[in-house]
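Trainee:
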Amino acid sequence: MSATVDFLAADLGASNGRVLLGKWDGTRFALEDLHRFQNGPVTVLGRLYWDVLSLWSEVKAGMARYAAAPHGALAGIGIDTWGVDFGLLDRAGRLLGNPVHYRDARTSGMIERVFSVVPKAELFDLTGIQFLELNTLFQLYSMRALDDPQLDSARTLLLMPDLFHYWLSGEQVAEYTIASTTQMLLARDRRWATKLLDRLDLPAG
């Protein structure tokens, strides 16, 4: 039997989160809860936000519990959250503000406003995913409609799992499967729909 290899995973759900230890012995994969915590949005001045720094502290607490006990070799760490929500970073890689929660009402009516620029059939043909007001594209368009200064100050958009991965590793990447929730990827080419973003007056990188 080969030596056991360890993996850590942080699973951030809509109401709670947990840090898990996965052990792979070459034949079986066993899971163990290391740390559980609450994950609820925070309302400030009528806007609904992720409590992102609290969650970051909880993820680190779970990692500390792992480090405090004897284990096998740690092979990797991963973060899982729902899609669509994101953080915006400035040119120095610093978070510009608390990420807004997908349940926030700022995207109300934004689907119709986007369709007035890019017809519904064309947008579906380009991106191939269901139209939901919470999709990243409509969140960004609401920021443009509301003259949110963060939009033009930002240099990088990271979806929530990628934001946590960046804080863990120092590397800024866009992982494909979570990026597919944004309605900003070309379904056929698996590339960012930069021409679509240009038409909507949204930054494309």
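Mapped onto the numbering used here, the consecutive letters of the sequence shown carry residue numbers 17 to 221. Quick reminder that beta carbons are idealized off the backbone N, C-alpha and C, glycines included.
Along the chain, where does the alpha helix (DSSP H) that runs through F102 open and close?
Mentor: By 1-based counting over the sequence shown, the position of residue 102 is 86. Run containing F102: none in the alpha helix (DSSP H); it sits in the beta strand (DSSP E), F102 to L105.
Trainee: One question on the structure: do L37 and D27 come within less than 9 angstroms of each other, judged by their Cβ atoms?
Mentor: As a working note, residue 37 is residue 21 in the sequence shown. As a working note, residue 27 is residue 11 in the sequence shown. It is not a contact, given that the beta carbons lie outside the stated cut-off.
Trainee: Counting pairs of beta carbons, one from the region 202 to 211 and one from the region 112 to 130, are three or more of them closer than 8 angstroms?
Mentor: no
Trainee: So, under 8 angstroms CB-CB, D106 and A190 are touching, yes? Tell me the CB distance rounded to an integer number of Å.
Mentor: What you label residue 106 is simply residue 90 of the sequence shown in a count that begins at 1. What you label residue 190 is simply residue 174 of the sequence shown in a count that begins at 1. Not a contact, Cβ separation roughly 17 angstroms.
Trainee: Distance check for L167 and G125, CA to CA, integer angstroms please.
Mentor: Against the sequence shown, residue 125 aligns to sequence position 109. Against the sequence shown, residue 167 aligns to sequence position 151. Taking the straight line joining both Cα atoms gives about 19 angstroms.
Trainee: Verify the CB distance criterion: does R171 have a CB-CB separation below 9 angstroms to chain D?
Mentor: Note that chain D does not occur in the displayed structure, where there is just one protein chain.
Trainee: Of the choices L156, L111, G109 and D120, whose alpha-carbon is the least far from that of R226?
Mentor: Outside the shown range of the chain, which is 17 to 221, sits residue 226, and nothing can be said about it.
Trainee: For the region 104 to 138, list the alpha helix (DSSP H) runs that are entirely contained and at least 4 residues long, ordered along the chain.
Mentor: 126 to 131
Trainee: Using DSSP bridges, identify the partner residues of G38.
Mentor: In the sequence shown, residue 38 corresponds to position 22, counting from 1. Answer by DSSP bridge pairing, in chain order: F23 and L47.
Trainee: For R52, I'd like the list of residues in its chain whose CB is within less than 7 angstroms of its CB, leaving aside the five on either flank, ordered along the chain.
Mentor: Looking up residue 52 in the sequence shown gives position 36. Answer for R52: N32 and R34, listed in chain order.
Trainee: For D96, which three-state DSSP category applies?
Mentor: Locating residue 96 in the sequence shown gives position 80, where the first residue counts as 1. Strand.
Trainee: Just to check my reading of the structure: A203 and G144 have Cβ atoms closer than 8 angstroms, yes? What is that Cβ distance to the nearest angstrom?
Mentor: On the sequence shown, position 187 is the one that residue 203 refers to. On the sequence shown, position 128 is the one that residue 144 refers to. Contact flag correct, Cβ pair sits at about 3 angstroms.
Trainee: Would you grab the beta carbon distance between L64 and D120 for me? Rounded to a whole angstrom, and I think it's under 8 angstroms.
Mentor: Within the sequence shown, the letter at position 48 stands for residue 64. Within the sequence shown, the letter at position 104 stands for residue 120. The pair is a contact, with the Cβ atoms about 4 angstroms apart (cut-off 8 angstroms).
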